[in-house]
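K.L.:
Reading the sequence shown from the start, the letters are residues 0 to 772 in numbering that gives the first Met the number 0.
Positions of the beta carbon are idealized from the N, C-alpha and C atoms, including for glycine.
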Amino acid sequence: MIARISLEIALRREFDYAIPAELSGHVDVGSRVQVPFGARKVLGVVTAIAEESGQANLKPIIKLIGAQTLVTAKVLRLARWIGEYYCCAPEIALKSVLPEAVRKEDAGWRERLHVRALPLNSDPPPLPKRQQEIWQLIQQRRELPLAELVALADTTAATVRKLEDRGLISITSKVSERDPYAREAILPTQPLALNPKQAAALEKIKVAMGASTGEANSPTAKSFLLHGVTGSGKTEIYLQAIAHALAQGKGAIVLVPEISLTPQTVERFKARFSSGPLQTLVAVLHSHLSAGERHDEWHKIRQGRARIVIGARSAIFAPVGPLGLIIVEEEQEHTYKQEEAPRYHARDVAVMRGQMEGAVVVLGSATPSLESFANAKKGKFALLELPERVDDQKMPLVRVVDMRQAQYKEKGPPIFSPQLKEAITKRLERKEQTILFLNRRGYSSSLQCPKCGYVANCPNCSITLTYHRTEQKLQCHICGHMEKVPAVCPEPKCKNPAIRYAGTGTQKVEEILAKLFPNARVHRMDADTMKRKDDYRRVLGDFRVGKIDILVGTQMIAKGLHFPNVTLVGIIYADMALHQPDFRAGERTFQLLTQVAGRAGRGDVAGEVFVQAFTPFHPAIQYARRHDFEGFFEQEMEFRAQLKYPPYSRVALLTLKGRNEEKVKFSAAHLRRELEKLLRDGTPAATATASDLFAGEAAPDTATTPVAAFKDLVIAGPAPSPLLRAENFYRYQIMLRTGAMSRLSRALAQIVVATNLPNDVTLSVDIDPVDMS
Ligand code: ADP
Ligand code: ZN
Numbered sequence: 000m001i002a003r004i005s006l007e008i009a010l011r012r013e014f015d016y017a018i019p020a021e022l023s024g025h026v027d028v029g030s031r032v033q034v035p036f037g038a039r040k041v042l043g044v045v046t047a048i049a050e051e052s053g054q055a056n057l058k059p060i061i062k063l064i065g066a067q068t069l070v071t072a073k074v075l076r077l078a079r080w081i082g083e084y085y086c087c088a089p090e091i092a093l094k095s096v097l098p099e100a101v102r103k104e105d106a107g108w109r110e111r112l113h114v115r116a117l118p119l120n121s122d123p124p125p126l127p128k129r130q131q132e133i134w135q136l137i138q139q140r141r142e143l144p145l146a147e148l149v150a151l152a153d154t155t156a157a158t159v160r161k162l163e164d165r166g167l168i169s170i171t172s173k174v175s176e177r178d179p180y181a182r183e184a185i186l187p188t189q190p191l192a193l194n195p196k197q198a199a200a201l202e203k204i205k206v207a208m209g210a211s212t213g214e215a216n217s218p219t220a221k222s223f224l225l226h227g228v229t230g231s232g233k234t235e236i237y238l239q240a241i242a243h244a245l246a247q248g249k250g251a252i253v254l255v256p257e258i259s260l261t262p263q264t265v266e267r268f269k270a271r272f273s274s275g276p277l278q279t280l281v282a283v284l285h286s287h288l289s290a291g292e293r294h295d296e297w298h299k300i301r302q303g304r305a306r307i308v309i310g311a312r313s314a315i316f317a318p319v320g321p322l323g324l325i326i327v328e329e330e331q332e333h334t335y336k337q338e339e340a341p342r343y344h345a346r347d348v349a350v351m352r353g354q355m356e357g358a359v360v361v362l363g364s365a366t367p368s369l370e371s372f373a374n375a376k377k378g379k380f381a382l383l384e385l386p387e388r389v390d391d392q393k394m395p396l397v398r399v400v401d402m403r404q405a406q407y408k409e410k411g412p413p414i415f416s417p418q419l420k421e422a423i424t425k426r427l428e429r430k431e432q433t434i435l436f437l438n439r440r441g442y443s444s445s446l447q448c449p450k451c452g453y454v455a456n457c458p459n460c461s462i463t464l465t466y467h468r469t470e471q472k473l474q475c476h477i478c479g480h481m482e483k484v485p486a487v488c489p490e491p492k493c494k495n496p497a498i499r500y501a502g503t504g505t506q507k508v509e510e511i512l513a514k515l516f517p518n519a520r521v522h523r524m525d526a527d528t529m530k531r532k533d534d535y536r537r538v539l540g541d542f543r544v545g546k547i548d549i550l551v552g553t554q555m556i557a558k559g560l561h562f563p564n565v566t567l568v569g570i571i572y573a574d575m576a577l578h579q580p581d582f583r584a585g586e587r588t589f590q591l592l593t594q595v596a597g598r599a600g601r602g603d604v605a606g607e608v609f610v611q612a613f614t615p616f617h618p619a620i621q622y623a624r625r626h627d628f629e630g631f632f633e634q635e636m637e638f639r640a641q642l643k644y645p646p647y648s649r650v651a652l653l654t655l656k657g658r659n660e661e662k663v664k665f666s667a668a669h670l671r672r673e674l675e676k677l678l679r680d681g682t683p684a685a686t687a688t689a690s691d692l693f694a695g696e697a698a699p700d701t702a703t704t705p706v707a708a709f710k711d712l713v714i715a716g717p718a719p720s721p722l723l724r725a726e727n728f729y730r731y732q733i734m735l736r737t738g739a740m741s742r743l744s745r746a747l748a749q750i751v752v753a754t755n756l757p758n759d760v761t762l763s764v765d766i767d768p769v770d771m772s
């Protein structure tokens, strides 16, 4: 027998190896193996087993790593799809489906060393001071992991070994399972009686999952979009659908955006399944786990002890089997997209995995992405709607405050409108709490007149032009259109000469707040102030018990939090999300405003939201004010249709990067010509390459298979990226739009290999990008 193996080195192909007699019967699809490759030994994953190979003289596999296959054949198929669709090498796709901690040859719980105090037969020997301290510590604890001791005593393993040499302690390896949530005391919860809307939604999901115990997954498993306002009881539906999966003997994966993977969220799932007949462990996977924790969580899943997995993006690859249900919370969240190869979107991978494994997929959101809602309208997803809050609470009252400067005497752009100031004062008097939200993406990449709200847009692409301050020019990063920065605001009625000094100081907010409300207890919450693992939990704890009056924060506080005493939410500059050079800027603003507004009035007192904006009449702001998702959807779809943006097409973003701007620019222009030839006309590429034109660089030939022409293709660019220079690299982009993305990805994979670029220019391909910078 032979095994086909994908090696963990960057080669876009698989290799055949012989299975030696002693391993026969142990090597399977998904097995991790070590094989000879040239003079080296490398690791790989078996992707297929076959009777014979096209090649002769196969080398044998050296050894098998780990007793259990780590990737299931199904997840392997998923990885293959990711490689193809997201245009990356299969071994890169494979790497993403197995976390590093599990992949490493020597990682595991058997490796963990424990230190134990040994009984003393005689008087303790005299010890140097340091060793004495450490020994005392060990005696107190009797036994503890070596790593923990080293950290606790601020010492080294070598010093601890000295005590072992003296016969005072033993150091042995021991299986010990890490539980990142071990310290929590969790009270079990029971399923709630659902209201009629919830019950109807759950019923449909259950029908799709199959009713009876142990029933095989249906071959035409369905995907649902659950559109429900914040507080409409979506999570309760998830919990009961998961219970149904467990009762059927199946498992579930719950994806949540990294940012809302709070202890609060995890607890709700653990609490429901910590006891009772459906009891199971809930594994948690996210990026803040240590390698050891990650390893243990992963094995709990693989061994079937944890049948529910809750985690961020990469949890979609968790080896749950059989898999009955996948839930994607806040499906519109951009953190589901991985920003390095493989650049997969976990929501889309979830839908694909559901189809491959016959599992039901539920995408949930209060503000679905346009793509998903359009899919629901087309019937690709079944739409479930929960238009009201469970407790009949009203949606908060949203007031839009016009910040255009005409009304203010201050020189710089104002930070607090009189309305918001007054509202905060009232809350302080009534001992109610306030959340103030600022957008973190504070670099002012657009040009906006602080007086009238005018923003410079590209005439071709309907996106904000990027403001390059140093060169005083405005440029579109989709089509490359360029213009000079106007001397005065172009609005005929405005003509404000101060337009180029627009810009906003978000850091100032906390400072000004301290001046305006000297007695208020203010706390800021953003990536800068949340350095340690526990900071987030601690601050939220303080806020919950009322030790903080005003919480100022970024995206971090936009979601999932539930504080009954918060009656006021202020959004300082709603425009900041609006005027990003991105065709999704309006959609993002709408989502953000809706989510942030959802933080207000979750208790007995109705909530109030102040949205401060320089463009108060923008549709994204106005529809959010009325809580009108459908209205926003209709209007935004019209705009997307005009320029064939998604959902009317799919986008591939090609980015070229290098230290020499001229080379990058030139290579981008060359690539565009190649793309035109190959994709528009469907002819093979010509042989001239960019690197021919730079002396001294090799130019291998560029044989490519011809591709059929793409009739609906739009090629835009090259144009400089909005962040043209990042870390001393210049970046240029080309944007492709087509309805036939699977086919385009395959063609692009060929083009990437065949197009010769100078050695110091790199090309990356991002399919369905969410970050356009
Ligand atoms: P969402 O996930 O849509 O924001 P949740 O599921 O968190 O909504 O529900 C909001 C609140 O309402 C939670 O405190 C939840 O326990 C409660 N809740 C949900 N469903 C019901 C129900 N059927 N009866 C009573 N309370 C419910
Ligand atoms: Zn443009």
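#1: Looking at Val565 and Arg598, is the spacing between their C-beta atoms short of 8 Å?
#2: Taking only runs that begin and end inside the region 185-243, name each unbroken beta strand (DSSP E) of 3 or more residues, in chain order.
#3: Find the nearest neighbour of Glu142 within the set Leu112, Pro127, Gln130 and Leu119, judged by alpha-carbon distance.
#4: Check for me: the beta strand (DSSP E) holding Val281 runs from which residue to which?
#5: Within 10 angstroms of the Cβ of Arg304, are there 16 or more other Cβ atoms? Answer buried if so, exposed if not.
#6: Along the alpha helix (DSSP H) that carries Gln131, what are the first and last residues, could you check?
#7: Can you tell me where the beta strand (DSSP E) with Pro89 in it begins and where it stops?
#8: Express the C-alpha separation of Val327 and Ala349 in angstroms, rounding to a whole number.
#9: Which residue from Ala584, Phe709 and Leu437 puts its Cα closest to that of Met524?
#10: Closest to Val792 by C-alpha separation, out of Val206, Arg658, His561 and His617, would be which residue?
#11: Using only the alpha-carbon positions, how far apart do Lys379 and Ala373 sit?
#12: Name the residue from Pro19, Leu277, Ser222 and Pro262 whose alpha carbon lies nearest to the alpha carbon of Ala247.
#13: Give me the residue from Gly552, Leu577 and Tyr335 with the minimum Cα distance to Ala455.
#14: Tyr335 by DSSP, collapsed to three states: which one?
#15: Using DSSP with H/G/I as helix, E/B as strand and the rest coil, what is Arg109?
#16: Which first and last residues belong to the alpha helix (DSSP H) in which Gly585 is found?
#17: Under the assumption that Cys457 contacts Ile498 (Cβ atoms under 8 Å), give the Cβ distance between them as a whole number of angstroms.
#18: What are the boundary residues of the alpha helix (DSSP H) that Gly630 is part of?
#19: Restricting to runs no shorter than 4 residues, where is the alpha helix (DSSP H) found entirely within the region 416-458?
#20: Applying the criterion that 16 or more other CB atoms from any shown protein chain within 10 Å of the CB defines a buried residue, is Ile8 buried or exposed?
#21: Reducing DSSP to helix, strand and coil, say where His617 ends up.
#22: Mind listing, in chain order, the continuous alpha helix (DSSP H) runs of no fewer than 4 residues lying wholly within the region 462-522?
#23: Locate the beta strand (DSSP E) running through Lys40, then write down its first and last residues.
#24: Per the contact definition of three or more C-beta pairs closer than 8 Å, is the region 737-744 in contact with the region 78-88?
#25: Per DSSP, Ile64 is paired with what?
#26: How would you call His561, buried or exposed, if buried means at least 16 neighbouring beta carbons within 10 angstroms?
#27: What's the gap between the Cα of Tyr442 and the Cα of Asp581?
#28: If you pair each beta-carbon of the region 221-239 with each one of the region 412-424, do three or more pairs fall below 8 Å?
#29: If we require 3 or more residues per run, which beta strand (DSSP E) segments fall completely within the region 316-386?
#30: Straight-line CA distance for Glu339 to Ala282?
#31: Once the 5 residues before and after Met394 are set aside, which same chain residues still bring their CB inside 6 Å of it?
#32: Mind checking whether Lys73 and Val32 have CB atoms under 8 Å apart?
#33: Report the rounded CA-to-CA distance for Ala244 versus Glu356, giving the unit in angstroms.
#34: Run the CB neighbour count on Gln641, radius 10 Å, all protein chains shown included, and call it buried at 16 or more, exposed below.
#35: Within the continuous beta strand (DSSP E) that includes Tyr656, where are the two ends?
#36: Once the 5 residues before and after Leu93 are set aside, which same chain residues still bring their CB inside 7 Å of it?
P.N.:
From the atom records:
#1: Residue 598 sits at position 599 when you count from the first residue of the sequence shown. Residue 565 sits at position 566 when you count from the first residue of the sequence shown. A contact, by the Cβ cut-off of 8 Å.
#2: 222-227
#3: Sequence index remark: in the sequence shown, residue 142 carries index 143 (1-based). That would be Leu112, whose Cα lies nearest to the Cα of Glu142.
#4: Translated into the one-based positions of the sequence shown, residue 281 becomes position 282. Leu280 to Leu284 is the extent of the beta strand (DSSP E) around Val281.
#5: The count along the sequence shown starts at 1 and reaches residue 304 at position 305. Classification of Arg304: exposed, given that the 10 Å Cβ count is below 16.
#6: By one-based count along the sequence shown, residue 131 stands at place 132. That run of the alpha helix (DSSP H) goes Lys128 to Arg140.
#7: Start at 1 with the first residue of the sequence shown, and residue 89 comes out as number 90. Per DSSP, Pro89 belongs to no beta strand (DSSP E); it is in the alpha helix (DSSP H), Pro89 to Val96.
#8: Translated into the one-based positions of the sequence shown, residue 349 becomes position 350. Translated into the one-based positions of the sequence shown, residue 327 becomes position 328. Approximately 8 Å, taken between the alpha carbons.
#9: Along the sequence shown, one-based indexing puts residue 524 at 525. Of the candidates Ala584, Phe709 and Leu437, the one whose C-alpha sits nearest the C-alpha of Met524 is Leu437.
#10: This structure gives no information on residue 792, because the portion of the chain shown stretches from 0 to 772.
#11: As a position in the sequence shown, residue 379 is number 380, starting the count at 1. As a position in the sequence shown, residue 373 is number 374, starting the count at 1. So the alpha carbons of these two residues sit roughly 9 Å apart.
#12: In the sequence shown, the residue the question calls residue 247 occupies position 248. For the sequence presented, residue 247 should be read as Gln rather than Ala. The shortest C-alpha separation from Gln247 is found at Leu277.
#13: Translated into the one-based positions of the sequence shown, residue 455 becomes position 456. Considering only alpha carbons, the answer is Leu577.
#14: As a working mapping, residue 335 is identified with position 336 in the sequence shown. Note: Tyr335 maps to helix in three-state DSSP.
#15: Translated into the one-based positions of the sequence shown, residue 109 becomes position 110. Its pLDDT being 45, under 50, Arg109 is placed unreliably by the model, and the measurement read from it follows with that caveat. Residue state, collapsed to three classes: helix.
#16: As a first step, residue 585 is located in the sequence shown; it is residue number 586 there, counting from the start. Where Gly585 is concerned, the enclosing alpha helix (DSSP H) stretches over Ala584 to Ala596.
#17: If you number the sequence shown from 1, residue 457 lands on position 458. If you number the sequence shown from 1, residue 498 lands on position 499. Contact doesn't hold; Cβ gap of about 17 Å is too wide.
#18: Mapped onto the sequence shown, residue 630 falls at position 631. Run containing Gly630: Phe628 to Gln641, per the alpha helix (DSSP H) assignment.
#19: 417-429
#20: The count along the sequence shown starts at 1 and reaches residue 8 at position 9. It is exposed - the Cβ of Ile8 has fewer than 16 other Cβ atoms within 10 Å.
#21: Taking the first residue of the sequence shown as 1, we reach residue 617 at position 618. The answer is coil: DSSP assigns His617 none of H, G, I, E or B.
#22: For the region 462-522, the full-length alpha helix (DSSP H) segments reaching 4 residues or more read 507-515 along the chain.
#23: Your numbering for residue 40 matches position 41 in the sequence shown. Note, Lys40: beta strand (DSSP E), Arg39 to Ala49.
#24: Yes, they touch.
#25: Residue 64 sits at position 65 when you count from the first residue of the sequence shown. Partner(s): Arg31.
#26: Reading the sequence shown from its first residue, position 562 is the one you call residue 561. Exposed, because fewer than 16 other Cβ atoms sit within 10 Å of the Cβ of His561.
#27: Locating residue 442 in the sequence shown gives position 443, where the first residue counts as 1. Locating residue 581 in the sequence shown gives position 582, where the first residue counts as 1. Bear in mind that the predicted position of Tyr442 carries a pLDDT of just 46, short of 50, making it unreliable; the figure below should be weighed with that in mind. When rounded, the distance between both Cα atoms is 14 Å.
#28: no
#29: 322-327, 359-364 and 381-385
#30: As a first step, residue 339 is located in the sequence shown; it is residue number 340 there, counting from the start. As a first step, residue 282 is located in the sequence shown; it is residue number 283 there, counting from the start. Cα to Cα, the separation comes out at about 25 Å.
#31: Against the sequence shown, residue 394 aligns to sequence position 395. Here the set comprises His626.
#32: Locating residue 73 in the sequence shown gives position 74, where the first residue counts as 1. Locating residue 32 in the sequence shown gives position 33, where the first residue counts as 1. Cβ distance not < 8 Å, so Lys73 and Val32 don't count as in contact.
#33: Within the sequence shown, the letter at position 245 stands for residue 244. Within the sequence shown, the letter at position 357 stands for residue 356. A straight line joining the alpha-carbon of Ala244 with that of Glu356 spans about 14 Å.
#34: By 1-based counting over the sequence shown, the position of residue 641 is 642. Gln641 should be labelled exposed.
#35: For the purposes of this step, residue 656 is taken as the residue at position 657 of the sequence shown. Rather than Tyr, the amino acid found at residue 656 in this sequence is Lys. Per DSSP, Lys656 belongs to the beta strand (DSSP E) from Arg649 to Gly657.
#36: Locating residue 93 in the sequence shown gives position 94, where the first residue counts as 1. The residues are Ser5, Val44 and Ala78.
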